[in-house]
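Colleague: Per UniProt numbering, residue 1 is the first one in the sequence shown, and the count goes up by one each step.
Even glycine gets a Cβ: it sits at the ideal position worked out from N, Cα and C.
Being a predicted model, the structure only gives us computed values, none of them experimental.
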Amino acid sequence: MSDFPYSSVGASETPGETLRDLAGEAVWDDLVRQSYERWHPPGVLLLQQGEPGTLVLAVLRGVAKVVRTSRSGAPTLLAFRGPGELLGEVAVRGGGVRLASVETLTRCKVAVMMAPEFTRFVDAHELSPVLERYALARLRESTQARGGGDVLHRLAVTLVKFADISRARELAVTHDELAQHLRVSRNTITRLLRELESCQVWARRKRIVIDDLPALRRVANSDGG
Numbered sequence: 001m002s003d004f005p006y007s008s009v010g011a012s013e014t015p016g017e018t019l020r021d022l023a024g025e026a027v028w029d030d031l032v033r034q035s036y037e038r039w040h041p042p043g044v045l046l047l048q049q050g051e052p053g054t055l056v057l058a059v060l061r062g063v064a065k066v067v068r069t070s071r072s073g074a075p076t077l078l079a080f081r082g083p084g085e086l087l088g089e090v091a092v093r094g095g096g097v098r099l100a101s102v103e104t105l106t107r108c109k110v111a112v113m114m115a116p117e118f119t120r121f122v123d124a125h126e127l128s129p130v131l132e133r134y135a136l137a138r139l140r141e142s143t144q145a146r147g148g149g150d151v152l153h154r155l156a157v158t159l160v161k162f163a164d165i166s167r168a169r170e171l172a173v174t175h176d177e178l179a180q181h182l183r184v185s186r187n188t189i190t191r192l193l194r195e196l197e198s199c200q201v202w203a204r205r206k207r208i209v210i211d212d213l214p215a216l217r218r219v220a221n222s223d224g225g
């Protein structure tokens with residue numbers, strides 16, 4: 001990520017329903033305080049699909065991607081996760097294996113809490129209903145991104161969300177990753193990014209640059225029709 005000036009003009013106060021939003025700052029701060037922090041460079045696998053849930057990660061800085069790989073080896077990019085998000089809690093709470101992998105897209109700072117401590121934390125703060133709401137919010141977000149409807153609108157929504165959670169206007173995301181996330185072809189992404197050049201969105205090698213975020217946000221906030 002470069003240090004492009006970020007402007008939140010037209011943005012809501014939060015880019016989505018993160019766990020920090022739903023649980024509140026006091027609970028989130030307590031979670032971080034009881035964890036230990038780590039920095040990771042881009043391209044690091046934080047959680048591996050198929051492995052048991054032994055810990056959870058609270059994202060403090062940066063952006064990571066959640067990817068599920070099918071039995072045939074085909075990857076599907078399920079989501080982008082940024083500050084305020086929790087990773088790995090489904091496997092910890094369900095006692096099963098991880099259903100997806102998580103990899104850093106940018107330099108990331110995470111707070112690590114082991115499974116037994118997280119279980120006690122959830123009980124102490126009565127977080128089960130909050131975590132259920134959090135899971136539903138993430139399912140709704142994934143359905144909206146990868147469901148039907150106008151693809152240009154869904155692409156604009158995805159880019160705005162990425163810009164909001166990363167607080168940057170140079171996004172470390174590729175055409176292939178956007179195609180996986182939106183369930184369209186790479187050629188479709190290439191064509192739609194050309195259309196978004198009217199919002200000063202520029203495709204570069206392994207990144208997307210947004211020079212007029214308010215204009216792109218207007219496309220994202222349209223009805224998609």
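1) Could you check where the beta strand (DSSP E) with K65 kicks off and where it finishes?
2) Relative to the C-alpha of A58, which candidate in E170, L196 and V102 has its C-alpha closest?
3) Distance, Cα to Cα, V122 vs D212?
4) Just to confirm before moving on: does the CB-CB distance between V67 and H153 stay below 8 angstroms?
5) Between the Cα of L77 and those of V184, I208 and T190, spot the shortest distance and give me the residue it belongs to.
6) If you draw a straight line from the alpha carbon of T69 to that of G50, how long is it in whole angstroms?
7) Enumerated in chain order, which unbroken segments of the alpha helix (DSSP H) with a length of 4 residues or greater are wholly contained in the stretch 101–128?
8) Whose C-alpha, out of A156, T188 and T54, is nearest the C-alpha of P116?
9) If you count every other CB in all the chains shown that lies within 10 Å of the CB of Q176, and 16 or more means buried, which is it?
10) From H181 to A111, what distance separates their C-alpha atoms?
11) Where does E13 fall in DSSP's three states?
Modeller: Walking through what the data contain:
1) Within the sequence shown, numbered from 1, the residue matching residue 65 stands at position 65. Its beta strand (DSSP E) spans residues A64 to T69.
2) The count along the sequence shown starts at 1 and reaches residue 58 at position 58. Minimum Cα distance to A58 is reached at V102.
3) Counting from one through the sequence shown, the residue named residue 122 turns up at place 122. Counting from one through the sequence shown, the residue named residue 212 turns up at place 212. Their backbone Cα atoms lie some 41 angstroms apart in a straight line.
4) By one-based count along the sequence shown, residue 67 stands at place 67. By one-based count along the sequence shown, residue 153 stands at place 153. Taking 8 angstroms as the cut-off, the beta carbon of V67 is found no closer than this to the beta carbon of H153.
5) As a working note, residue 77 is residue 77 in the sequence shown. Minimum Cα distance to L77 is reached at V184.
6) Working through the sequence shown from its first residue, we reach residue 69 at position 69. Working through the sequence shown from its first residue, we reach residue 50 at position 50. Their Cα atoms are separated by approximately 10 angstroms.
7) Those alpha helix (DSSP H) runs which fall completely within the stretch 101–128 and span 4+ residues are 115–125.
8) Residue 116 sits at position 116 when you count from the first residue of the sequence shown. Ranking the options by Cα distance to P116, first place goes to T54.
9) As a first step, residue 176 must be located in the sequence shown, where it is residue number 176. Checking the displayed sequence, the identity of residue 176 turns out to be Asp instead of Gln. Within 10 angstroms of the beta-carbon of D176 lie fewer than 16 other beta-carbons, which makes it exposed.
10) Residue mapping note: residue 181 aligns to position 181 of the sequence shown, counting from 1. Residue mapping note: residue 111 aligns to position 111 of the sequence shown, counting from 1. If you take the alpha carbons of H181 and A111, they lie about 26 angstroms apart.
11) Locating residue 13 in the sequence shown gives position 13, where the first residue counts as 1. Note that E13 scores a pLDDT of 36, beneath 50, so its modelled location is shaky; the value from the coordinates is reported in the next line. Three-state result, E13: coil.
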